[in-house]
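Novice:
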Amino acid sequence: MSTYFSKVDWEDLDCYGKKVYVSTTFGKDGKLKDTRVLRAVNPACDSMAFYFVKGLKEWLPGLHRGRFVDISFVFPIRFDSTFNDRKSGSSFFLDETEEEYAKRKAYFDFVYSNEYGQEIIGDFELFRNYLAEVLSDSQHVYIFTDYEFPRKEGIELRFKPPENKDLHLLVRAPKQNRVLYDYRIRRGKVRIPREKKLFLLFYQEGTPPLLQTGIMYAKDDTTINLTLEHYTKGQLLDEIKEIQQ
47 MSTYFSKVDW EDLDCYGKKV YVSTTFGKDG KLKDTRVLRA VNPACDSMAF
97 YFVKGLKEWL PGLHRGRFVD ISFVFPIRFD STFNDRKSGS SFFLDETEEE
147 YAKRKAYFDF VYSNEYGQEI IGDFELFRNY LAEVLSDSQH VYIFTDYEFP
197 RKEGIELRFK PPENKDLHLL VRAPKQNRVL YDYRIRRGKV RIPREKKLFL
247 LFYQEGTPPL LQTGIMYAKD DTTINLTLEH YTKGQLLDEI KEIQQ
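For the sequence shown, the positions run 47 to 291 when my numbering is used.
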């Protein structure tokens, strides 16, 4: 890309003041696709606009309910004669703060990482959405937050939560493949579904976050001991594969 633009004669460029429209799709896997010129000016200007869009790096795919999705853009590329007077530097073409961009970038790196030792993402909401997608074979997953089960339909799970820590519990019932229960722990007990083979995951916020997973077969009120540990993405996926067999 840098080689292409290094060969351009900017002084004699016959594109200033003109505008080329280029469309592209930012793929959910982090790659551009279907890039094409929609409205042309001349071969030289069209080529420059096309390769400029193809070289965009500081972008991320769209997020919809915790899943990355393809998003399409149309760029009106205008050739400005003041370009030569500007100092080169990085700039974002998306209207995001650095904090928002960094957050989405961390999630993107986490979702698409193939490294066994990849750290668990420290944002609980994004982690919860990722887990919902991994656990379900359905296109849509419903997340129920702090759902109150009637006494006849649920059991009371008791434990001793860590002090001064933000703790969450995610529960998946095998008969409810499209549902993930999310509990914000405020005391040492919570009512969960009365079903066999519940998948439980405790998530303690922090850097890095601490996790504990388990399978529960209890039919009545029960108490468990919390032994929160440091997890990697590879460890978590291995445990999920075991419970899904």
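All C-beta atoms, glycine included, are put in the ideal place defined by N, C-alpha and C.
If we ignore side chains and look at the alpha-carbon of each, how far apart do P89 and N160 end up?
Specialist: The residue labelled residue 89 in the question sits at position 43 within the sequence shown. The residue labelled residue 160 in the question sits at position 114 within the sequence shown. Cα-Cα distance, rounded: 41 Å.
Novice: Leaving out the 5 sequence neighbours to the left and right, which residues in its chain are closer than 6 Å to V87 when beta-carbon positions are compared?
Specialist: As a working mapping, residue 87 is identified with position 41 in the sequence shown. Around V87: K64 and V66.
Novice: Can you tell which of I189, F173, F98 and I201 has the C-alpha that lies nearest to the C-alpha of T269?
Specialist: Sequence index remark: in the sequence shown, residue 269 carries index 223 (1-based). For T269, the nearest C-alpha among the options comes from I201.
Novice: Strictly by DSSP, which residues pair up with K235?
Specialist: Here residue 235 refers to the residue found at position 189 when the sequence shown is read from its first residue. Paired residue(s): R204.
Novice: Quick one: give me the first and last residue of the beta strand (DSSP E) that K198 is part of.
Specialist: Taking the sequence shown and counting its residues from 1, the one referred to as residue 198 is at position 152. Segment: none, K198 is in no beta strand (DSSP E) and carries neither H nor E.
Novice: Is the CB-CB distance between A178 and L226 below 8 Å?
Specialist: The count along the sequence shown starts at 1 and reaches residue 178 at position 132. The count along the sequence shown starts at 1 and reaches residue 226 at position 180. Closer than 8 Å, so yes.
Novice: Just to confirm, are I166 and K279 a CB contact at a threshold of 8 Å?
Specialist: Position 120 of the sequence shown, counted from the start, is the residue given in the question as residue 166. Position 233 of the sequence shown, counted from the start, is the residue given in the question as residue 279. Yes, these two residues count as a Cβ contact at 8 Å.
Novice: Figure out for me which residue from E199, D75, P208 and R174 has the closest Cα to the Cα of T273.
Specialist: Working through the sequence shown from its first residue, we reach residue 273 at position 227. Minimum Cα distance to T273 is reached at P208.
Novice: Measure the CB-CB distance between I189 and L215 and report whether it falls below 8 Å.
Specialist: Looking up residue 189 in the sequence shown gives position 143. Looking up residue 215 in the sequence shown gives position 169. Contact flag unset, no.
Novice: Any idea what DSSP makes of V180, helix, strand or coil?
Specialist: Position 134 of the sequence shown, counted from the first residue, corresponds to residue 180. It is helical.
Novice: By how many angstroms is the C-alpha of Y147 removed from the C-alpha of N223?
Specialist: In the sequence shown, the residue the question calls residue 223 occupies position 177. In the sequence shown, the residue the question calls residue 147 occupies position 101. Roughly 32 Å separates the two Cα atoms.
Novice: Mark P239 as exposed unless 16 or more other C-beta atoms lie within 10 angstroms of its C-beta, in which case mark it buried.
Specialist: Mapped onto the sequence shown, residue 239 falls at position 193. Buried, by the Cβ-count rule.
Novice: Identify the continuous beta strand (DSSP E) that holds L102 and give its terminal residues.
Specialist: Numbered from its first residue, the sequence shown carries residue 102 at position 56. From DSSP, L102 is part of no beta strand (DSSP E); its letter is neither H nor E.
Novice: Just verifying my parser: in three-state terms, what is the DSSP assignment at L282?
Specialist: The residue labelled residue 282 in the question sits at position 236 within the sequence shown. L282 falls in the helix class under three-state DSSP.
Novice: Helix, strand or coil: how does DSSP classify S69 here?
Specialist: Indexing the sequence shown from 1 puts residue 69 at position 23. S69: strand per DSSP, three-state reduction.
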